[in-house]
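Okay, so the sequence shown: first residue is 1 according to the UniProt record's numbering, each after it adds one. Idealized CB from N, CA, C, for every residue including glycine. Just so you know, these numbers come straight off a predicted model, no measurement behind them. Encoded as structure tokens, the structure appears first; notes follow it.
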Amino acid sequence: MVRGNNFTSSLATAKVVATTTHSQQFSKYKLTINWFEMPLIVKDYTWTQTETIVYINVPLKGVKVGKVDIFSTDEYLKVHFPPFLFEAFLSEPIDDDKSTAKIGNGVAVFTLQKKEERLWEHLVINNNDKDKSREIRERALLKAQAKLAAESKAKATKTQEERKYALETMMKLEEEGRAKIQKMKDDECEKATAQLEAWKLKQRQIAEEEAQLKLQSQRIKVDKQSKSEKIHVPRTSDQCKVKHDQKNSVQSISKKKQVDLPAPRSTGNIQIKFTPRVFPTALRESRVPEEEEWLQKQAEARRAINVNLAELKDLTEEERNPDWLKEKGDKLFATGNYLAAINAYSLAIKLNRKIPAMYSNRAACHLKLRNLHKAIEDSSWALDLLTPPVAGNAGARTRAHVRRGTAFCELELYTEGLQDYQAALTIDPQNETLQADTHKIRQIIQGSAPCPE
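So this is what it looks like as structure tokens:
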């Protein structure tokens with residue numbers, strides 16, 4: 001954390017930053033001791049302890065913060081701020097990962113976490129033995145280098161595993177996409193094949209019917225010719241019978257042809273009605289389950305009510321409505337009566353604990369009254385209820401993130417506040433106010449801007 005001219009860092013972090021070049025610096029430092037001017041050893045430090053923590057105060061002698069170099073392990077602590085040097089060969093081991101250093105106001109304050117809970121008799125060991133001191137220094141350097149190598153290896157392994165997982169996931173998605181496309185092709189091929197077979201069958205049926213009609217007409221023609229070649233004159237009854245048979249055959253042929261002809265298409269208008277949507281965005285099949293889950297939660301929230309509360313005995317039917325209480329709380333907030341607004345929102349929450357707007361609005365009231373931890377708690381409740389994230393609750397999620405981020409920043413927890421502001425900016429990337437606030441918080445963390453009072 002950076003605040004004004006104060007600087008706070010983890011000893012482990014400071015150690016890792018310095019380890020990569022520490023071997024060269026350390027050898028160069030030894031040459032300086034042997035061949036050039038000796039550093040000024042700082043002895044006017046002070047220290048106190050509890051059973052679990054050791055506090056060491058080292059004066060910086062007017063040296064700037066940027067020129068202070070800190071190196072530590074579980075048994076060795078060094079603070080180098082030319083031309084001064086502070087070394088501590090600790091009498092008991094510490095947990096350097098949990099230890100911290102704070103530099104500012106001309107002093108470096110170290111908070112060292114003990115590995116064993118007990119009081120130390122001495123802070124440092126008797127370092128009159130130069131060989132033993134050199135051995136401790138070299139051992140500390142080797143430990144730092146080994147730890148850095150292990151962290152680098154673990155980071156490389158993690159990066160490789162993440163890349164491998166990403167590659168496998170991408171290959172799996174591509175394989176699923178190819179399988180889906182192939183299935184669509186197969187379905188279309190089967191459909192086209194079925195349509196072709198049906199068309200062929202229909203053509204064969206039409207051809208058979210036409211052949212039967214042609215054969216029947218030929219038979220009728222042959223019968224007429226054979227009857228006309230006879231010598232005797234046919235009787236009137238026979239002629240009538242032949243004509244009647246011919247008439248029936250012609251009618252049956254024309255009737256069969258009429259049955260085969262398709263009916264003409266009728267003209268008209270087709271009315272299209274679209275399904276009404278609650279959300280302003282277009283419908284996507286991938287988002288349908290999330291939207292339905294959100295709508296179901298909203299419906300359950302409106303139906304859920306606890307009728308066994310003692311407060312309901314003296315309330316009217318209108319005052320038992322959470323929506324009415326929300327409107328009342330909003331009006332009280334607008335007039336600056338934040339305590340009364342909190343009471344209204346709290347009663348509404350007791351009636352129905354599944355409405356996220358109640359928690360978010362109560363968080364805004366707590367912000368106004370500087371109840372920062374309660375504001376963080378209510379904003380977190382609101383974000384838990386605003387799931388799944390859909391377009392219909394984007395504005396509510398943005399407000400909840402901003403209110404929780406503001407509470408974190410007021411508590412000087414700028415890193416957590418920046419995370420909430422970045423989440424809000426992801427939801428509403430065009431909001432210029434959010435962009436400016438996020439940039440300001442980032443500058444405070446980096447130390448390029450003063451903290452707000």
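DSSP, read as helix, strand or coil, puts HIS366 in helix. Judged by beta-carbon spacing, PRO356 lies within the 7 Å limit of LEU385, meaning their Cβ atoms are closer than that value.
When secondary structure is reduced to three states using DSSP, ILE445 falls in the helix class. Cβ-Cβ separation between LEU60 and VAL107: approximately 6 Å, consistent with a contact (criterion under 8 Å).
Residue range 322-334 is occupied by the alpha helix (DSSP H) that includes PRO322. Taking one beta carbon from each stretch, the segment 114-126 and the segment 175-191 have fewer than 3 pairs nearer than 8 Å; the two do not touch. TYR345 sits away from LYS368, with the two beta carbons spaced by 7 Å or more. By the criterion of at least three beta-carbon pairs nearer than 8 Å, the segment 81-94 is not in contact with the segment 155-164.
When the five nearest sequence neighbours on each side are left out, the beta carbons in the same chain lying within less than 6 Å of the beta carbon of SER379 are those of ALA363, ALA400, ARG403, ARG404, in order along the chain. The three-state reading of DSSP puts GLN212 in helix, counting H, G and I together. With respect to TYR414, THR438 sits apart: the two C-beta atoms are not nearer than 7 Å. Per DSSP, reduced to three states, the secondary structure at TYR76 is strand. Spanning the alpha carbons of GLU410 and PRO39 requires a straight line of approximately 43 Å. If you ignore the 5 residues before and after THR46, its C-beta comes within less than 8 Å of the C-beta of ILE56, ASN57, all in its own chain and listed in chain order.
Taken through DSSP and simplified to helix, strand or coil, TYR55 comes out as strand.
A Cβ-Cβ contact shorter than 7 Å links LEU351 with PRO322. Residue pairing of LEU85 in beta bridges, as defined by DSSP: ILE41, HIS80. Taken through DSSP and simplified to helix, strand or coil, LEU112 comes out as strand. When the Cα atoms are used, THR157 and ALA166 turn out to be separated by approximately 14 Å. With a threshold of 16 other beta carbon atoms within 10 Å, TRP199 falls short and is exposed. In its chain, beyond the 5 residues on either side, GLU416, GLY417 have a beta carbon closer than 6 Å to the beta carbon of PHE408. Take ILE427, set aside five residues on each side of it, and the residues of its chain with a beta-carbon closer than 7 Å to its own are ALA394, ARG397, THR398, in chain order. By the Cβ neighbour-count rule, MET358 is buried, with 16 or more other Cβ atoms within 10 Å of its own. Under the three-state reduction of DSSP, SER91 is assigned to coil, being neither helix nor strand. Contact annotation: ILE125 and LEU85 have beta-carbon atoms that are not nearer than 7 Å. Annotation for THR46: no alpha helix (DSSP H) segment contains it, though the beta strand (DSSP E) segment containing it runs 46-49.
Distance from the Cα of GLY66 is smallest, within the candidate group LEU425, HIS80, GLU292, for HIS80.
Distance from LEU434 to ALA424 at the Cβ level is roughly 6 Å; contact confirmed, criterion being Cβ atoms closer than 8 Å. Here DSSP, grouped into helix, strand and coil, assigns GLY62 to coil.
Ranking GLN430, ASN431, GLN419 by CA distance to the CA of ILE445 puts GLN419 first. With fewer than 16 other CB atoms across the displayed protein chains lying within 10 angstroms of its CB, ALA194 is exposed.
For PHE408, the enclosing alpha helix (DSSP H) stretches over residues 394-410. For HIS122, there is no enclosing alpha helix (DSSP H), as DSSP gives it neither H nor E. Pairing HIS366 with LYS354 gives a Cβ-Cβ distance that is not under 7 Å.
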